[in-house]
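Let me begin by presenting the structure, written as structure tokens, before commenting on it.
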Amino acid sequence: MRQGINGLSGIVNMIQKRLPLGNEVYIFMNKQKNIMKLLHYEFGGYVIYYKRLEQGNFDYKFISPSFSPIKWLDLILKVEGIIVEKSKQKRRFLYSNFVNNKQ
8 MRQGINGLSG IVNMIQKRLP LGNEVYIFMN KQKNIMKLLH YEFGGYVIYY
58 KRLEQGNFDY KFISPSFSPI KWLDLILKVE GIIVEKSKQK RRFLYSNFVN
108 NKQ
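The letter at position 72 of the sequence shown is residue 79 when you use the numbering used here, and the numbering goes up by one with no holes.
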């Protein structure tokens with residue numbers, strides 16, 4: 008957990024054999040599961056989100072070492088410790104769909 012942006016992006020590059028660019032979020036946790044770092048690429052550069060729990064630990068069962076995808080909303084709920092048994096999300100406007108349809 009001592010790694011910064013360069014170290015974490017290097018780990019992703021070494022394991023996945025590609026640069027961590029795009030809409031992907033990479034999750035790193037310590038052994039005690041009370042510290043989580045999220046590596047994310049936004050336009051112009053990398054961002055690290057860092058969260059340390061004062062009590063308890065993160066539910067790490069949703070994290071797979073094979074880099075399985077997870078939706079951003081689901082990730083936020085997991086980080087906040089919210090368990091949702093059943094939910095439905097309404098449709099939302101996506102800028103990428105608008106740009107692709109204009110061409």
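No residue lacks a Cβ here, since even glycine has one placed at the ideal position from N, Cα and C.
Subject >> Cβ neighbour criterion (16 or more within 10 Å) applied to residue 83 >> reply: What you label residue 83 is simply residue 76 of the sequence shown in a count that begins at 1. Exposed.
Check your understanding: Given residue 47, which residues of its chain have a CB within under 6 Å of its CB, disregarding the five upstream and five downstream residues?
Key -> As a first step, residue 47 is located in the sequence shown; it is residue number 40 there, counting from the start. Answer for residue 47: 32, 54, listed in chain order.
Which residues in the same chain have their Cβ closer than 8 Å to the Cβ of residue 41, if we skip the five residues on either side of it in sequence? Reading the sequence shown from its first residue, position 34 is the one you call residue 41. Cβ within range, chain order: 59, 60, 63, 64, 65.
Review point. Among 29, 86, 95, which one has its Cα closest to the Cα of residue 35?
Key: Taking the first residue of the sequence shown as position 1, residue 35 is located at position 28. Residue 35 has its Cα closest to that of 86, out of 29, 86, 95.
Next item on the list: Could you check the C-alpha separation between residue 17 and residue 25 for me, to the nearest Å?
Entry: Your numbering for residue 17 matches position 10 in the sequence shown. Your numbering for residue 25 matches position 18 in the sequence shown. CA-CA distance, residue 17 to residue 25, rounds to 10 Å.
* Whose C-alpha, out of 15, 80, 93, is nearest the C-alpha of residue 43? -> Stepping through the sequence shown from its first residue, residue 43 is reached at position 36. The shortest Cα separation from residue 43 among 15, 80, 93 belongs to 15.
Can you tell me whether DSSP reads residue 90 as helix, strand or coil? To locate residue 90, count along the sequence shown from 1; it is residue 83. Assigned with DSSP and collapsed to three states, residue 90 falls in coil, not helix or strand.
- [ ] Note down the Cα distance separating residue 90 from residue 80, rounded to an integer number of angstroms.
- [x] Locating residue 90 in the sequence shown gives position 83, counting from the first residue. Locating residue 80 in the sequence shown gives position 73, counting from the first residue. So the alpha carbons of these two residues sit roughly 12 Å apart.
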